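In my numbering, the protein residues as written are -4 to 302.
Here the structure comes first, spelled out in structure tokens, and everything after it is commentary.
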């Protein structure tokens, strides 16, 4: 699991040692989250496109990784127990190279933590040396690969989704497919679904999901006085249901842009109760630092970014 990270955009840097709950305040908060999410969720895949010049440094135990992206060059450094492997990619020239500890052309250096693959036999480098470096790089990919989930900046779950949408186990960024995810939990992880419903009963709300009309799955919210589709429920309830469901999906890292959108002290208390039970690190962008006081947990931090 990632423990420490730094993000630099346009020469400005923000750093953080992750707690169970990390609040991000200041300027450039959304850009900070975007870099984190797009890189951490793409380990072993193509380097994501993020405008401008930016850098990311990540550390997990004895594995460290950095990527520096400029207009003409992308440089990645992977350090495992002090041994470094450095890749360079020049998109405009189609150049892919390892420059340390050896200097050879490779078939692809535009992947987050690449593998050393040569298109031709390299007589100056022993095959066992390349195999050893690739073994280290594979270890780095395993260490840095995290299940990251991103929500926000505005959460707007739909009351109805197509019933033919099955096995939906991941929320989209705005929670629009929440009904499908809840239906999947009700079918395949009923204890998790029941835990979510139990949390809402403490707030005086009943949550149910099922076939609302032919071909459509829907979420119904019920109080003592009324029954309503999810879209008609209070904003705080819609937002809470989406974030709470995300926590119960147990990603390694949950990033929430604009967490204080519709948040109340009561709904924050429900989130805290779940966070204490789940092995999820929450990184949340907030506009009002006083929101952090609503989260009664020891392992939390607040960082201010200026990006």
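Note that the Cβ used here is the ideal one computed from N, Cα and C, for glycine as well.
Here the structure is a predicted model, which means the values were calculated and not measured.
| task | Kindly indicate if chain B contains any beta-carbon less than 7 angstroms away from that of residue 209. | result | Looking at the structure shown, chain B is missing, and only one protein chain is on hand.
| field | Cross-strand partners of residue 54 (DSSP beta bridge) | value | Along the chain shown, read from residue 1 onward, the residue named residue 54 stands at position 59. Beta-bridge analysis with DSSP links residue 54 to -1 and 59.
| CB of residue 90 within 7 angstroms of CB of residue 82, strictly | Position 95 of the chain shown, counted from the start, is the residue given in the question as residue 90. Position 87 of the chain shown, counted from the start, is the residue given in the question as residue 82. No, these two residues do not count as a Cβ contact at 7 angstroms.
| query | Among 64, 11, 7 and 6, which one has its Cα closest to the Cα of residue -1? | reply | Taking the chain shown and counting its residues from 1, the one referred to as residue -1 is at position 4. Residue nearest to residue -1 within the set 64, 11, 7 and 6 is 11 (criterion: CA-CA distance).
| Close-in-space but distant-in-sequence residues of the same chain around residue 63 (CB under 6 angstroms, 5 per side omitted) | Numbered from 1 along the chain shown, position 68 holds the residue referred to as residue 63. 50 and 70, listed in sequence order.
| Secondary structure, alpha helix (DSSP H): runs of 4+ residues fully inside the stretch 88 to 114 | Here no run is fully enclosed.
| field | Secondary structure, beta strand (DSSP E): runs of 3+ residues fully inside the stretch 253 to 291 | value | For the stretch 253 to 291, whole beta strand (DSSP E) runs of length 3 or above, ordered along the chain, are 276 to 280.
| Opposing strand residues paired with residue 157 [DSSP bridges] | As a first step, residue 157 is located in the chain shown; it is residue number 162 there, counting from the start. Here residue 157 is bridged, per DSSP, to 211.
| message | By the three-class DSSP mapping on this structure, what secondary structure does residue 195 have? | response | Taking the chain shown and counting its residues from 1, the one referred to as residue 195 is at position 200. Residue 195: helix per DSSP, three-state reduction.
| query | Per DSSP, what kind of secondary structure is residue 25 in: helix, strand or coil? | reply | Working through the chain shown from its first residue, we reach residue 25 at position 30. Helix.
| field | Residue interval of the beta strand (DSSP E) (run including residue 248) | value | Counting from one through the chain shown, the residue named residue 248 turns up at place 253. 248 to 251 is the extent of the beta strand (DSSP E) around residue 248.
| Exposed or buried, what is residue 182 when buried is set at 16 or more other beta-carbons lying within 10 Å of its beta-carbon? | In the chain shown, the residue the question calls residue 182 occupies position 187. Exposed is the call here.
| In the DSSP assignment, what are the bridge partners of residue 296? | The count along the chain shown starts at 1 and reaches residue 296 at position 301. Partner(s): 17.
| Per DSSP, residue 205 is paired with what? | Locating residue 205 in the chain shown gives position 210, counting from the first residue. The partner list for residue 205 (beta bridge, DSSP) reads 213.
| query | By how many angstroms is the C-alpha of residue 66 removed from the C-alpha of residue 246? | reply | Within the chain shown, residue 246 is the residue found at index 251, counting from 1. Within the chain shown, residue 66 is the residue found at index 71, counting from 1. Inter-residue distance for residue 246 and residue 66 is about 33 angstroms (C-alpha atoms, whole angstroms).
| request: Determine the closest residue to residue 290 out of 265, 46 and 224, with distance taken between C-alpha atoms. | output: Reading the chain shown from its first residue, position 295 is the one you call residue 290. Ranking the options by Cα distance to residue 290, first place goes to 265.
| said: Bridge partners for residue 224 per DSSP, in chain order? | reply: The sequence position of residue 224 within the chain shown is 229, counting from 1. DSSP, once it has assigned bridges, lists 215 as partnering residue 224.
| Per DSSP, which one or two residues make a beta bridge with residue 41? | Here residue 41 refers to the residue found at position 46 when the chain shown is read from its first residue. Answer is 106, bridged to residue 41.
| query | Whose C-alpha, out of 244, 112 and 227, is nearest the C-alpha of residue 185? | reply | The residue given as residue 185 occupies position 190 in the chain shown. Of the candidates 244, 112 and 227, 244 places its Cα closest to the Cα of residue 185.
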